[in-house]
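See below for the structure under consideration.
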Amino acid sequence: MNRTEEYWALVAQLRETPPELAGTVDRARARARRKRRGKRLGIPLASLGGVAAAFVVLVNCSTPFAMACRRVPFVRELAQAVAFQPSLKAAFENDYVQPVGQSQTQNGITATVEYLIVDQTSLNVFYTLSWAGETWLDVVPDLLDENGASPEGSRGASWGDPAGTEEDYRLMTFYFDGGALPEKLQLVLKVSDSGRDKVTGRLAAPADAPAASSPWPDEESSAPSPVLAEFTFPLTIDPSLLGPGRTVEVGQWVELDGQRLYLDQLTIDPTRMELTLEADPDNTAELRSLDCYALDGAGNRYDSPSITFGGGEAIQLESCYFSENQDLTLYIEEAQWLDKDRTSFTLDLTTGEADWLPENLTDVTIERRDGNVYLSFRNDEQIVTFDGYCDPEGGQHTWGSMSMSSIDKDGDGYSETMTEYRVLRDYPWDTVTIGLSSNRAAAFDPPIQVNLPF
73 MNRTEEYWAL VAQLRETPPE LAGTVDRARA RARRKRRGKR LGIPLASLGG VAAAFVVLVN
133 CSTPFAMACR RVPFVRELAQ AVAFQPSLKA AFENDYVQPV GQSQTQNGIT ATVEYLIVDQ
193 TSLNVFYTLS WAGETWLDVV PDLLDENGAS PEGSRGASWG DPAGTEEDYR LMTFYFDGGA
253 LPEKLQLVLK VSDSGRDKVT GRLAAPADAP AASSPWPDEE SSAPSPVLAE FTFPLTIDPS
313 LLGPGRTVEV GQWVELDGQR LYLDQLTIDP TRMELTLEAD PDNTAELRSL DCYALDGAGN
373 RYDSPSITFG GGEAIQLESC YFSENQDLTL YIEEAQWLDK DRTSFTLDLT TGEADWLPEN
433 LTDVTIERRD GNVYLSFRND EQIVTFDGYC DPEGGQHTWG SMSMSSIDKD GDGYSETMTE
493 YRVLRDYPWD TVTIGLSSNR AAAFDPPIQV NLPF
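This is how it looks when you write it as structure tokens:
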């Protein structure tokens, strides 16, 4: 019996709770929510089902406990899986998992896709990569339909490195917007050597590599590492295992910083929820993002996930899909805007003067060198974000890479000053018009509260 089969056999035992364990999990969760840690569960764990039930409770209530289990085969993998993100932990706890158990080996590299957590808006893939080399492996994923084309509405992917050893799961997430999730997919993994040491995590630099002498980004990006192996995993999505998401009408206007927004609909899927917005056409600013979270009546908090999309048209949060509490409140802490009459500014590269500057953009420096113009801006908290730029003859340009530096003046772990470095490549003109994606933010203390239908 492999590890996937062991897990599902364990889940089957959990569904048949022994009489003497009735209510154990609920009572343990209640105690955890009241932060009464360190006490015994109160009822003897007389069977494997009881042990597993207590384990799931402790893993979901205590990340240190979950990470401490990493050394135990199989139990470590279960702990790693349920410790990633709140919505995924809730999905895992409610058996919302599709096992895969596919493994392939090429050129001494083994890739294994273990299982999926999937709904109509996202596909989460848990997988491992291993080889005998002394450095970590990097992976570039691609998701295709059965005909080799990108699925409709696919938003690309996010993925992360393992946190411990090669046996630890990596999480890869693909997002979908407006398109139907195909039942048959192909997951392509292109694997290369990262050059980072497995022990130190550091990138080994060539002995003759020059030391960095400038804060500005390099003119040329480094060549990508050669692909060592390419894997293609066929994935079949079982539609009967997709939890039915639901959409409820909100239908409320809210005023933020003198701007009006209409909260239209709330869509709740197992791994994510999304609140769609519409702006009043009379607004003087365009919404770029909202810093917010939601609380249900039991005190469970739902923050923004690590990856969001949609700009000012939607708010994405962790999902309350598996919550039994029907009371949901949105708390808005900050809004980021682009004023409609302040979408760009023009900078004189000779004098350093600008026709205007966003309030949070200061300490501008300009330097010409080798046909390029090197710019730096103090941009604390990254409130101001840039779009492209235009030359005085109307030519439109896109930025290359950028770099940042920051200073933690009081040693509290947070940077008080942040400086942004950008380069105008091969730029002979004396002025530049820099486009903005956002130019200001407004904080709300206390947060603005909106009751949401569940």
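Taking our numbering, I'd label the letters of the sequence shown as residues 73 to 526.
Using N, Cα and C, we set each Cβ at its ideal position, and we do this for glycine too.
The structure displayed is predicted, hence computed values, not measured ones.
Buried or exposed by the 16-neighbour rule on C-beta atoms within 10 Å, applied to residue i
| i | result |
| --- | --- |
| Val320 | exposed |
| Lys161 | buried |
| Gln157 | buried |
| Val569 | Here the chain comprises residues numbered 73 to 526, so residue 569 is not present and cannot be evaluated. |
| Asp341 | buried |
| Ser478 | exposed |
| Ala357 | buried |
| Gly424 | exposed |
| Gly483 | exposed |
| Ala515 | exposed |
| Arg242 | buried |
| Gly369 | exposed |
Close Cβ partners of residue i (< 7 angstroms) along its chain, the five nearest in sequence each way excluded
| i | result |
| --- | --- |
| Leu429 | Phe417 |
| Pro464 | Trp501 and Thr503 |
| Pro298 | Ser264 |
| Thr207 | Asp265, Ser266, Gly267, Arg268, Asp269 and Lys270 |
| Thr422 | Asp502 |
| Gln468 | Gly460 and Cys462 |
Sequence-distant residues of the same chain with beta carbon closer than 6 angstroms to residue i, five excluded per side
| i | result |
| --- | --- |
| Leu275 | Gly267 and Arg268 |
| Phe526 | Gln398 and Leu400 |
| Asp435 | Arg450 |
| Leu195 | Phe246 |
| Asp210 | Ser264 and Ser266 |
| Trp203 | Gly180 and Ile181 |
| Gln408 | Arg360, Ser361, Ser510 and Ala513 |
| Gly535 | Since the displayed the chain opens at 73 and closes at 526, residue 535 lies outside it and no answer follows. |
| Asn592 | The requested residue 592 does not occur in the structure, where the chain is confined to residues 73 to 526. |
| Leu419 | Ala426 and Val504 |
| Gln178 | Ala301 |
Heavy atom of the ligand GTP within 6 angstroms of residue i beta-carbon
| i | result |
| --- | --- |
| Ser230 | Only the bare structure without any ligand can be found here, which leaves the ligand GTP out of the picture. |
Closest by C-alpha distance to residue i, when choosing among the options
| i | options | result |
| --- | --- | --- |
| Gln324 | Ala252, Leu209 and Leu338 | Leu338 |
| Leu496 | Gly205, Ala515, Thr470 and Ala514 | Thr470 |
| Leu524 | Phe164, Pro298, Ile309 and Val322 | Val322 |
| Asp240 | Thr503, Glu186 and Glu206 | Glu186 |
| Leu367 | Asp459, Glu453, Tyr393 and Leu410 | Tyr393 |
| Glu165 | Ser297, Asp484 and Ser395 | Ser395 |
| Tyr486 | Glu453, Gly315 and Asp290 | Glu453 |
| Gln176 | Leu259, Thr489, Arg332 and Asp411 | Leu259 |
| Asp336 | Ala386, Leu328, Pro311 and Asp363 | Ala386 |
| Pro519 | Asp363, Leu201 and Lys481 | Asp363 |
For residue j and residue i, the rounded distance between their alpha carbons
| i | j | result |
| --- | --- | --- |
| Gln192 | Leu300 | 33 angstroms |
| Ile189 | Leu313 | 10 angstroms |
| Tyr199 | Met244 | 8 angstroms |
| Arg441 | Ser509 | 28 angstroms |
| Glu346 | Ser222 | 23 angstroms |
| Met476 | Arg450 | 10 angstroms |
| Val522 | Tyr334 | 12 angstroms |
| Tyr403 | Gly466 | 43 angstroms |
| Glu349 | Gly273 | It should be pointed out that residue 349 corresponds to Leu in this sequence rather than to Glu. Each residue's Cα considered, the two are about 42 angstroms apart. |
| Val212 | Val197 | 14 angstroms |
| Ile506 | Asp459 | 7 angstroms |
| Glu224 | Pro296 | 28 angstroms |
| Val169 | Thr491 | 44 angstroms |
| Phe303 | Gly228 | 18 angstroms |
| Gln331 | Asn355 | 5 angstroms |
| Asp517 | Glu406 | 9 angstroms |
| Ala351 | Asp411 | 13 angstroms |
| Thr415 | Gly205 | 50 angstroms |
| Pro90 | Asp167 | At Pro90 the pLDDT is 41, less than 50, meaning the model places this residue with poor confidence and gives no usable figure here. |
| Pro287 | Ala163 | 44 angstroms |
| Gly220 | Lys262 | 15 angstroms |
| Asp480 | Pro311 | 50 angstroms |
| Leu201 | Phe305 | 14 angstroms |
| Val326 | Arg373 | 21 angstroms |
| Asp329 | Ile438 | 34 angstroms |
Supposed contact pair residue j and residue i - C-beta distance, whole angstroms, cut 8 angstroms
| i | j | result |
| --- | --- | --- |
| Gln174 | Thr182 | Not quite, the Cβ-Cβ distance comes to about 11 angstroms (not below 8 angstroms), so this is no contact. |
| Leu307 | Val172 | 7 angstroms |
| Tyr499 | Val445 | 5 angstroms |
8 angstroms Cβ shell around residue i - same chain, five flanking residues per side excluded
| i | result |
| --- | --- |
| Arg344 | Ser159, Asp191, Thr193, Ser194, Pro377, Gln388, Leu389, Glu390 and Ser391 |
| Asp375 | Pro158, Tyr365, Leu389 and Glu390 |
| Pro254 | Asp217, Glu218, Pro223 and Ile309 |
| Leu215 | Leu195, Ser222, Pro223, Ser226, Ala229, Phe246, Leu257, Gln258, Leu259 and Val260 |
| Asp413 | Thr356 |
| Gly317 | Asp191, Gln192, Thr193, Thr339, Ile340, Asp341, Pro342 and Tyr393 |
| Gly315 | Tyr168, Asp191, Asp341, Pro342 and Tyr393 |
Residue-chain proximity (residue i, chain D), Cβ-Cβ < 7 angstroms
| i | result |
| --- | --- |
| Thr348 | In the structure shown, chain D cannot be found, because there is only a single protein chain. |
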